[in-house]
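Visitor: Numbering (my numbering), first residue to last: 1477 to 1761. Quick reminder that beta carbons are idealized off the backbone N, C-alpha and C, glycines included. Just so it is clear, the structure is predicted and the values come from calculations on it, not from any experiment.
Okay, here's the thing in structure tokens:
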């Protein structure tokens, strides 16, 4: 049994693992050190098992990293950094100004962030469980153009692991066509933290999706949506959307502010209609 485990960890039982430089040598060294400690009367069995598991976790992390290219690892890091920056902005409750408040309680706030610019924050409560919103906003992201008029198309260009994707989004004209067609190339990161889900993103460069003729390449970020069950009412969801966009081109700030705040209000309304028309998790509209 020990020999089989040794061969497995060292990578000698799998042809594709044997080719990974350094992995087998590190595994041999780690297991060898633990065997020496046992022979010399090392720590108790429980402590030894913990140490082996810890070393195995480190080796597993190195193995996982080796599955991605340097560019893919850069995208993963970019997405995670965008998430941390966006959550940091939301965490600071000071300085937010009211932009728009609806009769149903939907509210848009704004704030100017150094090195980012003006950001907008939507706060709404949706009468649907969090898993339903997660399905629509994450698992069926490419279908958003079917129910959100501000989006013509969203396409997933590349998936990297289970948390990171590269997307191309083509936005519709806005403000009576004063804001012409824009598109966005973004890296998006999704994380589940207990009962909370965070969907974050930011603009990125992707060689296989160059700028399109007749369309201005705008930039997201950092931006995120936070989903969490409403306190005391788990069948309802509190949605917070931090929106940060550089629309590029020449546009008066008054128009930009109006368009972005209204875009968030409209999004909440369209999302509710979508969820009401397709309430069951297994439904496919």
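Would the beta-carbon of residue 1664 fall within 8 Å of that of residue 1723?
Guide: No; because the gap between Cβ atoms is not below 8 Å, this pair is not in contact.
Visitor: Taking all protein chains shown into account, do 16 or more other C-beta atoms lie within 10 angstroms of the C-beta of residue 1720, making it buried, or fewer, making it exposed?
Guide: buried
Visitor: So with Cβ pairs under 8 Å, would you call residue 1697 a contact of chain D?
Guide: Of the protein chains in this structure there is only one, and it is not chain D.
Visitor: Report the three-state DSSP secondary structure of residue 1737 (helix, strand or coil).
Guide: helix
Visitor: What's the gap between the Cα of residue 1707 and the Cα of residue 1673?
Guide: 15 Å
Visitor: Grab me the residues of residue 1732's own chain with a C-beta within less than 7 Å of its C-beta, minus the 5 sequence neighbours each way, in chain order.
Guide: 1723
Visitor: Can you tell me where the beta strand (DSSP E) with residue 1638 in it begins and where it stops?
Guide: It is not in any beta strand (DSSP E) - residue 1638 carries neither H nor E in the DSSP assignment.
Visitor: In its own chain, which residues sit with a C-beta less than 8 Å from the C-beta of residue 1552, not counting the 5 before and 5 after it?
Guide: Within the same chain, residue 1552 has close Cβ partners 1544, 1636, 1637, 1639, 1640 and 1665.
Visitor: Does residue 1669 pass the burial test, meaning 16 or more other C-beta atoms within 10 Å, or should it be called exposed?
Guide: That one is exposed.
Visitor: Just verifying my parser: in three-state terms, what is the DSSP assignment at residue 1662?
Guide: The answer is strand: DSSP assigns residue 1662 an E or B state.
Visitor: Here's a check: name, in chain order, each residue in its chain whose Cβ is nearer than 6 Å to the Cβ of residue 1497, leaving out the five neighbours to either side.
Guide: Reliability of the predicted coordinates at residue 1497 is poor, the pLDDT of 45 falling under 50, and no value is obtained from them.
Visitor: Is the segment 1594 to 1612 touching the segment 1735 to 1747 in the sense that three or more CB pairs, one from each, lie closer than 8 Å?
Guide: yes
Visitor: Compute the Euclidean distance between the alpha carbons of residue 1727 and residue 1655, then round it to the nearest angstrom.
Guide: Residue 1727 and residue 1655 have their alpha carbons spaced roughly 8 Å apart.
Visitor: Relative to the C-alpha of residue 1691, which candidate in 1592, 1647 and 1590 has its C-alpha closest?
Guide: 1647
Visitor: Hey, which unbroken runs of the alpha helix (DSSP H) at 4 residues or more fall wholly within the segment 1572 to 1603?
Guide: none
Visitor: So what does DSSP say about residue 1749, is it helix, strand or coil?
Guide: helix
Visitor: I'd like to check one pair, residue 1566 with residue 1702: are the Cβ atoms closer than 8 Å?
Guide: Residue 1702 is a Cβ neighbour of residue 1566, given a cutoff of 8 Å.
Visitor: Looking at the structure shown, is residue 1614 part of a helix, part of a strand, or coil, going by DSSP?
Guide: Correct three-state label for residue 1614: helix.
Visitor: If you follow the beta strand (DSSP E) that residue 1675 is part of, which residue opens it and which one closes it?
Guide: For residue 1675, the enclosing beta strand (DSSP E) covers residues 1672 to 1679.
Visitor: For residue 1661, count neighbouring Cβ atoms within 10 angstroms of its own Cβ and tell me buried if that reaches 16, exposed if not.
Guide: buried
Visitor: Using the C-alpha atoms, what's the distance from residue 1580 back to residue 1680?
Guide: 36 Å
Visitor: According to DSSP, residue 1630 sits in a beta bridge with which residue or residues?
Guide: 1645
Visitor: Using the rule of at least 16 other Cβ atoms within 10 Å of the residue's Cβ for burial, across every protein chain shown, is residue 1571 buried or exposed?
Guide: exposed
Visitor: Starting from residue 1722, follow its DSSP beta bridges and name the residues at the other end.
Guide: 1695
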